[in-house]
Amino acid sequence: MSIGSSEHSERAVLGAVFIAGSDAVHEAVGLGITAEHFSIPSHRKVWELVSAEVDSGRPPEVGFIAERYPRDVKSCGGLSFLTSLSSSCGSLALLPQYVENILEANRRARMVLAAKEVLQAAADDEHRADHLQVIMENALNESSKDMGIQEKPESVEDIIREWSNKRAMVLSGESKDTELKWDLFALDRFVLAGPGHLIVIGGRPKMGKTQLAVSLMANIARKSGPALFCSAEMGKEALARRILSSTMDIRTRDSTKFALGFEETIKGWQGVPLMFDYKARTVRKVCASIRQAKRKFDIGAAAVDYLQLLEMDGARSEEEEIGRASKTFKGLAEELEIPILLLVQVNRKCEDRTDKRPLMSDIRGSGRVEQDADAVVFVYREVYYNERFPRPSQVELIVRANRHGPTGTGMSFWSPGSGWFKDPTHQWGEGSPPR
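Residues in the sequence shown are numbered from 6 upward in steps of one, following the working numbering.
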């Protein structure tokens, strides 16, 4: 589908806002758009109005905007103009492309303006050549805003001094540490939970990917503050059963035993700021949910379970979809400066080998995933393939790729249907919650 002109893209973005509400505003802002990027004054004014609504915690709805800002709406073209915008958005899935089209048009306009300024100055004989060069450099610096072009490249000394100063403030207690701990030695010894990091956790079904991710998010929530778990696999009831069954016998017919088990479980979770979103089922909506949780609750980490279940944009191949989604989540992690866990399911190829431990090639789109991910960890349980394995609760966390540390295998313990992932040295009871 053709995106069309920048004017059409501006109308499409505003139309997406009136279709999808605040989520579309947060997504567009996350992609870099501001009011100044709208070239049409009426479009710019509408964006300012919807932004004001969202900033006030209200949904950007046409009727309420027309009621609250009658003069502004009239100056833009009236209520009929606002209602016509929704039909300009061909597809919500194209929102990133609409935004990019607007940003690109804005960059081109700045470049043209810079060129005109230089030509106008050059036509004046009073300007010396060195003066013209200053005018040209200033104009080009102005036109290169939002393009990632630095006016002055930073030296090694500048970079390491800035990072060292931030680290010193953390160590002295003056600022919050953004490098989190998974609180699971089997993983902490290899993989850093740093700001902007994308950690991919892969494995075949029944290996414990979801339980591991919930364990890690709970550990972070307990030690460092709010975290978000987005589940495309389980609904509200399934999540409740999963969490309760990890610490109590939910199949018991004894009401007293059930009540005692529930009370014991709820005590372990009281005050733990781990939030769940089980309604977002597309890449776009999951990203919007994570952005909103960061804005409202200042989450320190997020997890997505799991990639292949999310609805993607367009009718691409699975490999292309996975590659595009991994790039999207990596960009989101960097934008929000939080670690994101992305769960993926590996294909069956590993089960045809003698050694059934997954390899990078067992992930579709593995080249793109390996390029985007800061670490790739596979979850493997030998007992799944060998019932006589002497350590049935042993789980291998196999780090196949790691941008910020070594690769290797950490040993953890977990039994399906009871307990959480734990290290061999921890003396927790089998039903203890993650801590």
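Every residue gets a Cβ at the ideal spot worked out from N, C-alpha and C, and that includes glycine.
All figures in this text were calculated on a predicted structure; none of them were measured in a lab.
Within 10 angstroms of the Cβ of residue i, are there 16 or more other Cβ atoms? Answer buried if so, exposed if not.
i: Leu314; result: exposed
i: Pro438; result: Reliability fails at Pro438, whose pLDDT of 47 lies under 50, so the model's placement of it is uncertain and no value is given.
i: Leu265; result: exposed
i: Trp187; result: buried
i: Leu221; result: buried
i: Ala320; result: Note that Ala320 scores 46 on pLDDT, short of 50, meaning its location in the model is unreliable; the coordinates nonetheless yield the value given after this. Classification for Ala320: exposed.
i: Ser61; result: exposed
i: Gly240; result: exposed
i: Thr252; result: buried
i: Asp357; result: exposed
i: Lys214; result: buried
With distances taken between CB atoms, is the gap from residue i to residue j smaller than 8 Å?
i: Ile304; j: Leu233; result: yes
i: Arg289; j: Ala98; result: yes
i: Ile295; j: Leu337; result: yes
i: Leu348; j: Val309; result: yes
i: Ala114; j: Ser44; result: yes
i: Tyr390; j: Met212; result: no
i: Ala71; j: Leu90; result: no
i: Asp282; j: Lys335; result: no
i: Gly410; j: Val196; result: yes
i: Gln297; j: His31; result: yes
i: Gln216; j: Trp52; result: no
i: Gly199; j: Glu179; result: no
i: Pro64; j: Ser27; result: yes
i: Ala406; j: Tyr311; result: no
i: Ile345; j: Gly207; result: no
i: Pro397; j: Phe383; result: no
Hey, quick one: how far does the beta strand (DSSP E) through residue i stretch, first residue to last?
i: Arg405; result: Gln399 to Asn407
i: Thr414; result: Gly413 to Ser420
i: Ala226; result: Looking at the DSSP string, Ala226 is not in any beta strand (DSSP E); the run it does join, the alpha helix (DSSP H), is Lys214 to Ser229.
i: Ala306; result: Ala306 to Asp310
What are the boundary residues of the alpha helix (DSSP H) that residue i is part of?
i: Asp60; result: Pro46 to Asp60
i: Phe23; result: Ser11 to Ala25
i: Gln350; result: Taken as a continuous stretch (DSSP letters only), Gln350 belongs to no alpha helix (DSSP H), being part of the beta strand (DSSP E) at Ile345 to Gln350.
i: Asp163; result: Val161 to Leu176
i: Ala120; result: Leu100 to Ala127
i: Gly68; result: Val67 to Arg73
i: Ser180; result: Where Ser180 is concerned, there is no enclosing alpha helix (DSSP H), given that its DSSP letter is neither H nor E.
i: Asp193; result: Phe190 to Asp193
I'd like to know if residue i contacts chain D, where contact means its C-beta is closer than 8 Å to some C-beta of that chain.
i: Val291; result: No chain D is part of this structure, which consists of one protein chain only.
If residue i and residue j are in contact, beta carbons under 8 Å, what's the gap, nearest whole angstrom?
i: Arg373; j: Ser331; result: 6 Å
i: Gly201; j: Glu342; result: 6 Å
i: Asn224; j: Leu189; result: 7 Å
### Task
Evaluate contact between the region 90-105 and the region 17-28, counting only Cβ atoms and requiring at least three cross-stretch pairs below 8 Å.
yes
### Query
Can you find at least 3 beta carbon pairs, one from the region 267-277 and one from the region 169-177, that sit closer than 8 Å?
no
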